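To start, the structure under review is shown below, and the notes come after it.
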Amino acid sequence: DGGITQSPKYLFRKEGQNVTLSCEQNLNHDAMYWYRQDPGQGLRLIYYSQIVNDFQKGDIAEGYSVSREKKESFPLTVTSAQKNPTAFYLCASNPPQGNQPQHFGDGTRLSIL
Amino acid sequence: QQQVKQSPQSLIVQKGGISIINCAYENTAFDYFPWYQQFPGKGPALLIAIRPDVSEKKEGRFTISFNKSAKQFSLHIMDSQPGDSATYFCAASYPRGGTASKLTFGTGTRLQVTL
């Protein structure tokens, strides 16, 4: 079955620690995205990537970093600079044609210890 | 100009009733308007989408109504069922160069369908 796999499902971060969230897709999609979801605020775009080795900042990129070394993978690192990291993080991808629907993974819930 | 405003924030509907969720946008360059359904602990899933060249699109019990002049679009769920209880997000995007389509999301509507 094609889809997007996010891991882990739950993650805990200590103060001052960087953590990395995994996102893998086997849909052969070029574009991939990371969103942050907070209660009552909808989904906000953190970073997106159109092709391998290229990525762009979204609306709330501060305190986050990404890499895109393989088409299938788009990991997100939540750095210690992100002072309010507690949220539900969602990864998405879409096919290469413009304005195609985005497919989402089932998210990672990050909490602070 | 990038905002998409969604209302209501929450909605309680009796089984068999009609659920209506509304969204409004400012950016006239938006040309793709999807609705997503999200269950607790899951990612959003595409429910139905519309482009501005049509005023209505229906898929089963779900209908999008689109009013280009008013810059509004709405989701109607006919014969609402308890299994429809979820959070619904409207979104909008406009064409950009390349493959990425940046979606702007509404803030979500939590729907509860009671027996």
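Protein chains in written order, with our numbering: chain H, 85 to 197; chain X, 553 to 667.
For every residue, glycine included, the Cβ atom is placed at its ideal position computed from N, Cα and C.
Quick caveat, the model's predicted, so the values are computed rather than measured.
Checklist entry - DSSP three-state call for PRO586(X): helix, strand or coil? => result strand
Checklist entry - Straight-line CA distance for GLY191(H) to CYS107(H)? => result 9 Å
Checklist entry - What residues of chain X sit near PHE188(H), judged by a beta carbon separation below 9 Å? => result TYR588, GLN590, LYS594, GLY595, PRO596, ALA597, LEU598
Item to check | Residue environment, ARG152(H), which counts as buried when at least 16 other CB atoms sit within 10 Å | outcome: buried
Next on the checklist: Out of PRO180(H), CYS175(H), THR170(H), which one is the CA nearest neighbour of ASP195(H)?
Outcome noted: According to the sequence displayed, residue 195(H) carries Ser and not Asp. Nearest C-alpha to SER195(H): THR170(H).
Checklist entry - Are PRO179(H) and HIS113(H) close, meaning C-beta to C-beta below 7 Å? => result yes
Checklist entry - Which word fits MET630(X), buried or exposed, when buried means at least 16 other C-beta atoms lie within 10 angstroms of its C-beta? => result exposed
Item to check | Beta-carbon proximity list for ARG507(X), same chain, < 6 Å, skipping 5 on both sides | outcome: With chain X represented from 553 up to 667, any question about residue 507(X) goes unanswered, as that position is not in the structure.
Item to check | Pairwise C-alpha distance: TYR132(H) and PHE188(H) | outcome: 13 Å
Next on the checklist: Output needed in chain order: residues of the stretch 615 to 642 of chain X with a Cβ under 7 Å from some Cβ in chain C.
Outcome noted: In summary, chain C is missing from the structure at hand, where the protein chains are H and X.
Checklist entry - Comparing the C-beta of PRO169(H) with each C-beta of chain X, is any distance below 7 Å? => result no
Item to check | Endpoints, the beta strand (DSSP E) within which ARG97(H) is located | outcome: 94 to 97
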